[in-house]
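*Asks:*
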Amino acid sequence: MWKSIKSIISQFLEVYCREFKLVIHDQGLLIFFILLPLAYPIVYSLIYNPEQVRDVKLIVVDHDRSSISRELVRNLDATQEAWVIGYAADLLEARRAMADKKCFGILEIPEGFGRKIGRGEQGNAALFCESSLLLRYRSFLVASTNVSQAMGAELLTQKINTVAPLATTITDGDLMPIEYIPMGNIESGFDSFIMPGVLILILQQSIILAAGMAGGAKREKPELMGYNGVNEAPSVAMTMFGQMLCYATIIFLPVIYLTHYVPLMFSFPMAGDFLEIIAFLLPMCIASVALGFCLQGIVWERESVFVIWVVTSVIFLFLSGLTWPRYAMSPFWHFVSDCVPATWGVEGFIRMNANGASLSQVHNDYIHLWILAGVYLVLAYCVQRWVVRPSLFKGYDAYAEAKRRAI
Amino acid sequence: MKAIFIRSVLQIVRRPIYWLAFFILPLFCFLFLTNLMENGLPIKVPAAMVDKDGSALSRSVTQQLGGMEMVDLVANCNSFTEARHKMQEGEIFGYFFIPEDFQQDLFAGRKPVITFYTNMTYFVPGSLLFKTFKTTALYTKAGIALNVMESVIGATEEEVTPLMLPINIDARAIHNPGMNYAIYLCNSFIPCVLQLMIFLVTCFSLGQELKYGTSVKLLRMANGSIIKALAAKLLPQTIIWLVVAIFMESWLFKINGYPVYGSWFWLTVSEVMYVFACQGLAVFFFGILPSLRLSLSISALLGILSFSIAAFSYPVESMYTSIGIFSWILPIRYNFLIYIDQALDGVHVYYSRIWFVAYIIFMLLPFTILWRIKKEMAKPVYAP
């Protein structure tokens, strides 16, 4: 009994140390484990760091030239979203400016705009937005809605007396104030929206890429691994366990950096409990390592992981529901996204980190992550047992044979 | 030349990884992205109503809100806290709050406040919900004011309506009136996937020659001419990529019917030049970092960063200048700009002329670094 425990521990330590040595001597693996989680979030966050889309350029075609139309333009210019860069004589000139990318919107005020408002009718103006970027359109939409409402309220109080002097008492000021409160990402910033999710994706991808590359490295040079068909090799489960703990040791600091220090540096929302977040991410990391072990089944050389796996980041980004929410996915894609650890990881992390949910509130995601971890571990075991290990032994035998001949 | 070409074709045919990289992965991404966002907008955002009043008026607001296309009222919460918990648990993306004694306060002129909350950690559903909530609140307000005015002073509806909204600015998105998400995202993300795969495959196939030391043979077959060697080696890939790129164009604009208001001819020219530009830049990367792993690393890094830095969603002019300039070193940026000009906006090709010139610069880039590739290929070293 004691002997078998001792042999298990020694086997485990052997795997752990061997794997550790392999990683720290391999530049490629270190890039995935350390450099990628360290540098990527910084670069990414810097791209979106201004958060808001401010001062989108706008050109005005004013056929009316009344005092109210000028006031409208001044007010639009004064919003933080829009920036009136000038007037154009007609729509043609404005369109030419837009084709030249000098502006991204054209405000056309029709003739008689001011007169209509003066008569107590509705004055209509059109704002044509270049539609290549949603955020620019959104800025224009917010600016125009706010301006038309503010000016409308002002005109209302001015006009109300002429129509019905008595009604002033009711409508003066605001009849029913409307308040809007954005939650989670309180500035509605783009960086604070996309980055927390991307951080989790980066974590998953760097683990899978590293595990995949480690598999390729072993297949290429089995002799480095100490695997050998003659001596007793540690069992598959033991090998997996040792490797997993080794990766956990290495990835531990990057995880803390990703989930705590990056949000701190770029002042992303941080409403969650740090320890609960780490506990939440544990099954995601396990599932990711297991997925990496599965990937080893098709990675025959170290560099293949780039070609095979890098593009999946885009797919996982969309599957996570960050840009296209999950409730709007078709059942098929919904199921596919259920199978990705990062989907649950992103969802849960965002809710804990930005919305201040506790671990018990994200129990649904947490349970799913553990289920995924379990399923992928079983799958990984099968892949390791029946695909990777035989090929390693074969590689080792071929190597030993070549060596014997050379001597 | 011919021998190298055939050798290169055989290399591609024999290795499944090339099949994966040339066809399966890109085609899957095409299908996935377009199919995922088929509906254009993620309508029916799950939301909740917190009606603390329970009056006839507040219930009619609930009914109005429930009838909106964008919203799916999945819950009626009894308190603010309950709704917040539902949001934290991810069941809803926002809620609409009507305070206690709302109707009473309103008619007594005590100005009750209507509040709505959206979860902005999910930008798209949050924004859609914001728009719907705001519209509902405004309509409610206008309706109440209308009622009051009619009953108190007997003004007719025609007289009162313009007073509620005297100025109306109609914001229209040109050529994508419904702000269809698929049109907006697929047209930039799908070519970007293609760029990433071209970068990776080009560097991978060249790096393989160094890794296995076959580059010496390659050079010998080309009689020592690096131009011949590279051209013949990459030509089969170019042909495959051209087919994929043309398929991509027809997939987006013909099969899925995304709008093309400009010239099909220039759009096609753009896709063709795009393939060459991406290959050119990839060869340039390989020349700068002539090692399999390093060139693949830089390809992957820039290929993935392209999705953000080429400004598909967040405009270049809003980025820090020192970051924004990097968008101009990527072929996808020019592909995106030509797409905007030639497909979405439909302007004359004159306005896109500079973007086409940029493509040509990418194609010429490898020539600055050929000497280095030749040197490395003559004496291949593999660094893992």
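From first to last, the protein sequence lines stand for chains B and A.
Under our numbering, the first residue of the first sequence is numbered 212, with each subsequent residue one higher.
Under our numbering, the first residue of the second sequence is numbered -14, with each subsequent residue one higher.
Positions of the beta carbon are idealized from the N, C-alpha and C atoms, including for glycine.
Using the DSSP secondary-structure output, state which residues sit across from T100 of chain A in a beta bridge.
*Replies:* According to DSSP, T100 of chain A bridges with B:E390, A:F82.
*Asks:* For S298 of chain A, return the contacting residues in chain B, with the cut-off set at a CB-CB distance below 8 Å.
*Replies:* Near S298 of chain A (Cβ distances below 8 Å), the residues of chain B are L344, L345, L346, F401.
*Asks:* Which whole-angstrom value is the C-beta distance of D402 of chain B and E262 of chain B, which I expect to be below 8 Å?
*Replies:* With 8 Å as the limit, D402 of chain B and E262 of chain B qualify as a contact, their Cβ atoms being about 5 Å apart.
*Asks:* Suppose contacts are defined by Cβ-Cβ distances below 7 Å. Is T517 of chain B in contact with S256 of chain B by that definition?
*Replies:* It is worth fixing the name first, because residue 517 of chain B is Phe in this sequence and not Thr. Taking 7 Å as the Cβ cut-off, F517 of chain B and S256 of chain B do not qualify as a contacting pair.
*Asks:* Cα-Cα, which of A:I354, A:M206, A:M182 is closest to F13 of chain A?
*Replies:* Of the listed residues, the one whose Cα sits closest to F13 of chain A is A:M182.
*Asks:* To be precise: take each residue of the region 71 to 97 of chain A, compare its Cβ to all Cβ atoms of chain B, and keep it if any distance is under 7 Å. Which residues remain?
*Replies:* Going along the region 71 to 97 of chain A in chain order, one finds M72, Q73, E74, G75, L91, G94, K96, P97 with a Cβ nearer than 7 Å to chain B.
*Asks:* Check the Cβ of T450 of chain B against every Cβ in chain A and list those closer than 9 Å, keeping chain order.
*Replies:* None at all; the shortest Cβ gap to chain A is about 21 Å.
*Asks:* Does S359 of chain B come within less than 7 Å of chain E when only Cβ atoms are used?
*Replies:* Annotation note: the requested chain E is absent from the structure, which comprises protein chains B and A.
*Asks:* Give the C-beta separation of L195 of chain A and L315 of chain A to the nearest angstrom, bearing in mind that I take them to be a contact with Cβ-Cβ under 8 Å.
*Replies:* Contact doesn't hold; Cβ gap of about 25 Å is too wide.
*Asks:* Taking 7 Å as the threshold (C-beta atoms), are I320 of chain B and D273 of chain B in contact?
*Replies:* In contact: D273 of chain B and I320 of chain B (Cβ atoms closer than 7 Å).
*Asks:* Tell me whether the beta-carbon of A285 of chain A lies closer than 7 Å to the beta-carbon of R318 of chain A.
*Replies:* Result no, Cβ atoms of A285 of chain A and R318 of chain A do not sit closer than 7 Å.
*Asks:* CA-CA distance, A207 of chain A and I(-11) of chain A?
*Replies:* Rounded to the nearest angstrom, the two C-alpha atoms are 8 Å apart.
*Asks:* At the 7 Å Cβ level, is N241 of chain A part of the contact set with chain B, yes or no?
*Replies:* No, N241 of chain A lies away from the interface with chain B (no Cβ there is under 7 Å from its Cβ).
*Asks:* Considering V557 of chain B, what are the terminal residues of the beta strand (DSSP E) in which it resides?
*Replies:* Premise fails: V557 of chain B lies in the alpha helix (DSSP H), 552 to 564, not in any beta strand (DSSP E).
*Asks:* Out of curiosity, what's the CA-to-CA distance linking F604 of chain B and S190 of chain A?
*Replies:* Straight-line Cα distance between these residues: approximately 28 Å.
*Asks:* Which residues, in order along the region 27 to 55 of chain A, keep a beta-carbon less than 8 Å from a beta-carbon of chain B?
*Replies:* Listed by position along the chain: P27, I28, K29, V30, P31.
*Asks:* Starting from the C-beta of A428 of chain B, find all residues in its chain whose C-beta is less than 6 Å away, skip the five residues before and the five after it, and write them out in chain order.
*Replies:* These residues qualify, in order along the chain: R513.
*Asks:* Once DSSP output is grouped into helix, strand and coil, what is the label at I253 of chain B?
*Replies:* Helix.
*Asks:* Determine whether the Cβ of I345 of chain A lies closer than 7 Å to any Cβ atom of chain B.
*Replies:* No, because no Cβ of chain B sits closer than 7 Å to the Cβ of I345 of chain A.
*Asks:* When DSSP labels each residue in this structure, what does K71 of chain A get in the three-state scheme?
*Replies:* K71 of chain A falls in the helix class under three-state DSSP.
*Asks:* Please list the partners that E390 of chain B has in chain A, where partner means a Cβ-to-Cβ separation under 8 Å.
*Replies:* Those within 8 Å of E390 of chain B in chain A are V98, I99, T100, F101.
*Asks:* In terms of residue numbering, what span does the beta strand (DSSP E) encompassing G316 of chain B cover?
*Replies:* First-last of the beta strand (DSSP E) with G316 of chain B: 316 to 320.
*Asks:* Closer than 8 Å by C-beta to V358 of chain B: which residues in its own chain qualify, once you throw out the five before and the five after it? Chain order, please.
*Replies:* Contacts found: L283, N286, L287, T290.
*Asks:* Is E85 of chain A near the ligand ATP, going by C-beta to nearest heavy atom under 6 Å?
*Replies:* Ligands displayed in this structure: none; no statement on the ligand ATP is therefore possible.
*Asks:* Can you find the residues in the same chain that come closer than 7 Å, C-beta to C-beta, to V109 of chain A, ignoring five residues on each side of it along the sequence?
*Replies:* P27.
*Asks:* With a cut-off of 8 Å on the beta carbons, I'd call N63 of chain A and M34 of chain A a contact; round off their distance for me.
*Replies:* Not a contact, Cβ separation roughly 11 Å.
*Asks:* Starting from the beta carbon of M540 of chain B, find every residue of chain A whose beta carbon is closer than 8 Å, and list them in chain order.
*Replies:* Here the neighbours are L21.
*Asks:* Are F238 of chain A and V245 of chain A touching if we call contact CB-CB under 7 Å?
*Replies:* Against a cut-off of 7 Å, the Cβ pair of V245 of chain A and F238 of chain A comes out as a contact.
*Asks:* Output the distance between the C-alpha atoms of A448 of chain B and Q595 of chain B, rounded to the nearest integer angstrom.
*Replies:* Approximately 9 Å between the Cα atoms of the pair.
*Asks:* Can you grab the Cα-Cα spacing for the pair I345 of chain A / E230 of chain B, in whole Å?
*Replies:* So the alpha carbons of these two residues sit roughly 47 Å apart.
*Asks:* Which residues in chain A sit within 9 Å of P601 of chain B, going by Cβ to Cβ distance?
*Replies:* Within 9 Å Cβ-Cβ: nothing; P601 of chain B doesn't reach chain A, min ~19 Å.
*Asks:* Tell me whether N439 of chain B sits in a helix, a strand or coil according to DSSP, three-state version.
*Replies:* Caution is warranted here: a pLDDT of 48 is assigned to N439 of chain B, below 50, making its placement in the model unreliable, and the coordinate value is therefore given only provisionally. N439 of chain B: coil per DSSP, three-state reduction.
*Asks:* Could you pull the start and end residues of the beta strand (DSSP E) that V59 of chain A belongs to?
*Replies:* Taken as a continuous stretch (DSSP letters only), the beta strand (DSSP E) holding V59 of chain A covers 56 to 62.
*Asks:* Alpha carbon to alpha carbon, how far is E256 of chain A from E234 of chain A?
*Replies:* Approximately 8 Å between the Cα atoms of the pair.
*Asks:* Does the distance from the C-beta atom of G567 of chain B to that of A482 of chain B stay below 7 Å?
*Replies:* Yes, the pair counts as a contact, with Cβ atoms nearer than the cut-off.
*Asks:* Tell me the residue span of the alpha helix (DSSP H) that contains K429 of chain B.
*Replies:* Counting along the chain, the alpha helix (DSSP H) containing K429 of chain B begins and ends at 401 to 431.
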